[in-house]
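And the structure:
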């Protein structure tokens, strides 16, 4: 099924304990689209400035991502983020943000983007997410990401938007902040009571957890000897997760079961693990499908245990 993603296209300047890069291609829509492109057709909706060149656009083109709805704003500058990480790579420290054309972003979807069957609403203002979802009437699966800023400044708008989607992806701290629940289980239950049928808690280097009415599933992050840059890992996870759901044969009949979502967690985990191995989009942009298959199979081996029960003393 076709996938549309609406979100940011950005230039990132990042420093980690393992190096630094200036003005590399990034943004939630870019990281998501590159990951999701391994599973089928992906269309990107987002604004860029005149500093966004054909070279940057080609990173998406080479992966087959359709960028006809990337809006180039005359005289504008592309969204820019400067940040750094200490040895705790779970925490990004923002040093500078320049919204540029993203500050006045009003998503403009072509007929093809509106006709998507799967929609990912990346981290943008909740009222914009809601407006986009209303345009995509054919979407059979809608997933949403957000952040602490919107929880703090637009909570009611966010709640209203969440009620209209099928799946919510937030990190564990954001889930607790949004619901006021210390327990992830209670937080997920509260959120499912407000609309979504699936809640994904992103937990950085500790993996991710899935909650649905049918049950619970969790995976650890893929163990890596070298983690260089975690920027975009959450969006790469979302791209693998949502992309694999779109590729499921029964998805166009609405057959998105707990088992399908659990399998999607593995693809999301694999794509996120590749993303962090190098700076920006470098690793995922040159990734091969066979590498993803191998890593998912390794995840399966890692998380399987012997089924024979151990005898216990009375």
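Residue numbers (the working numbering): 81 to 394. Just so you know, even glycine gets a beta-carbon here, dropped at the ideal spot from N, CA and C. Note that the structure is predicted; figures quoted are calculated from it, not measured.
Out of 335, 320, 325, 166, the CA that lies nearest to the CA of residue 109 is found in 320.
For the options 385, 372, 370, 318, the alpha carbon positioned closest to that of residue 85 is the one of 318.
By the 16-neighbour rule on beta-carbons within 10 angstroms, residue 119 is buried. For residue 313 against residue 274, the beta-carbon gap comes to about 27 Å, at or over 8 Å, which does not count as contact. Less than 8 Å divides the Cβ of residue 124 from the Cβ of residue 140. If one requires a minimum length of 3 residues, the beta strand (DSSP E) runs lying completely within the region 88-147 are 90-96, 99-106, 122-128, in chain order. Where residue 337 is concerned, there is no enclosing alpha helix (DSSP H), because DSSP gives it neither an H nor an E. Under the Cβ criterion (8 Å, minimum of three pairs), the region 240-256 counts as touching the region 275-293.
Just measuring C-alpha positions, the residue of 190, 151, 255 sitting nearest residue 230 is 255. For residue 240, the secondary structure class from DSSP, reduced to helix, strand or coil, is helix. Distances from the CA of residue 99 to each of 87, 128, 163 were compared; the closest alpha carbon is that of 163. In the DSSP assignment, residue 228 falls outside any beta strand (DSSP E) and within the unbroken alpha helix (DSSP H) covering 228-233. Beta-bridge analysis with DSSP links residue 265 to no other residue. Here residue 345 is buried, its C-beta having at least 16 other C-beta atoms within 10 Å.
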